[in-house]
Amino acid sequence: MGKAFLRTSRVAEQIQRELADLIQMEVKDPRVGMVTLTGVEVTPDYAHAKVYFTTMKAAEQAPKAQAGLEHAAGFLRSQLAHRMKLRIMPQLHFIYDTSVEHGVRLSQLIDEAVSSDKAHQREE
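In structure tokens form, the structure reads like this:
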């Protein structure tokens, strides 16, 4: 594990914390609504940051939330620059994270399989 990797992961974690606070307190765009940041990936040269998010509402709201976040990206980047002492502030790219939905769906499938297995065992 190299020194650069450790620093980029620390920077990504700090960006995630600061962005979560900024989105909650400063972004007034109604398209954004309640979003949860699930992760941030920063390129080794700090030029770009992929910000993964989920919405509290249905997945149909994700494109609206993404549009609102992309619209606020310049503002968020400038606010991050004031809060963090980096020479280069990365461009923010917001990506809807579908892993939570996949996890919920897999959990439902497992629950269905377990309940059908129990029902099948009772019949025997």
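Using my numbering, read the sequence shown as starting at 1100 and increasing by one per residue.
Yeah, the Cβ is synthetic: ideal placement off N, Cα and C, and Gly gets one too.
| request: Could you spell out the range, first to last residue, of the beta strand (DSSP E) harbouring E1125? | output: Looking up residue 1125 in the sequence shown gives position 26. That residue, E1125, is in no beta strand (DSSP E); it is neither H nor E in DSSP.
| Spatial distance of K1163 from R1106 (CA atoms) | As a first step, residue 1163 must be located in the sequence shown, where it is residue number 64. As a first step, residue 1106 must be located in the sequence shown, where it is residue number 7. Straight-line Cα distance between these residues: approximately 33 angstroms.
| query | In its own chain, which residues sit with a C-beta less than 8 angstroms from the C-beta of A1148, not counting the 5 before and 5 after it? | reply | Residue mapping note: residue 1148 aligns to position 49 of the sequence shown, counting from 1. In the same chain as A1148, and ignoring 5 residues on each side of it, the C-beta atoms closer than 8 angstroms to its own belong to A1111, I1114, V1139, E1140, V1141, T1142, P1189, Q1190, L1191, H1192, in chain order.
| said: Alpha carbons only, please: which of F1174, A1166, T1153 is nearest the one belonging to H1228? | reply: Nothing about residue 1228 can be read from this structure; the chain reaches only from 1100 to 1223.
| Cβ-based neighbour list, L1208, same chain, cut-off 6 angstroms, excluding 5 preceding and 5 following | Counting from 1 along the sequence shown, the entry for residue 1208 is found at position 109. None.
| task | Report all residues from its chain with a CB closer than 7 angstroms to the CB of S1126; omit the five preceding and five following residues, and keep chain order. | result | The residue labelled residue 1126 in the question sits at position 27 within the sequence shown. Correcting the residue identity first, residue 1126 is Val in this sequence and not Ser. Counting only Cβ-Cβ distances below 7 angstroms, and skipping sequence neighbours, we find A1171.
| said: In the DSSP assignment, the alpha helix (DSSP H) including E1169 goes from what residue to what residue? | reply: Taking the first residue of the sequence shown as position 1, residue 1169 is located at position 70. DSSP places E1169 in the uninterrupted alpha helix (DSSP H) bounded by 1161 to 1170.
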